[in-house]
Amino acid sequence: MLSMGLFGTEPRYIRRARAYLEEARMAMLEHSMAAEHYQASADMYAERARRLEQEIATWEAKKNGVEVMEPVHEAPPAKHAAQGRLEPSRKHALPKEKTSVGIVRAA
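Shown next, in the form of structure tokens:
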């Protein structure tokens with residue numbers, strides 16, 4: 455009897471609007487969860503790109519005659535310090551190149 459009284463007073467378009475509202479809220483929740491998943495994937499790939507860039511830079515530095523030194527673990531790391539330090543073994547230092555980390559998208 456309660457449901458008849460509740461739905462009997464509402465027009466049909468309001469009942470449909472309520473159903474559409476619930477559907478929209480569920481879709482919003484699902485897309486929110488998917489966005490969190492894709493953001494975590496993007497963060498993971500950005501970290502992977504950073505590690506690969508560092509590995510390539512280390513190899514190129516060794517190839518060009520730059521001595522690669524391991525970071526000192528006794529001192530606390532500086533805020534702007536890189537993971538490893540590069541010390542030139544020749545008079546000429548390598549030019550500094552700004553590298554960026556991008557997001558890789560799969561097909």
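Residues are numbered in the working numbering as their position in the sequence shown, beginning at 1, plus a constant of 454. Note that CB positions come from ideal geometry on N, CA and C, so glycine has one too.
So, helix, strand or coil for E464, using DSSP?
Against the sequence shown, residue 464 aligns to sequence position 10. DSSP places E464 in coil when its eight states are reduced to three.
Expressed to the nearest angstrom, what Euclidean distance is found between the alpha-carbon atoms of R479 and K516?
Locating residue 479 in the sequence shown gives position 25, where the first residue counts as 1. Locating residue 516 in the sequence shown gives position 62, where the first residue counts as 1. Their Cα atoms are separated by approximately 56 Å.
Could you check whether the Cβ of Y492 sits closer than 8 Å to any Cβ belonging to chain D?
Considering every chain present, this structure includes no chain D. It has just one protein chain.
Rounded to the nearest angstrom, what separates E449 and E484 at their Cα positions?
Past the edges of the chain, shown from 455 to 561, lies residue 449, and the structure says nothing about it.
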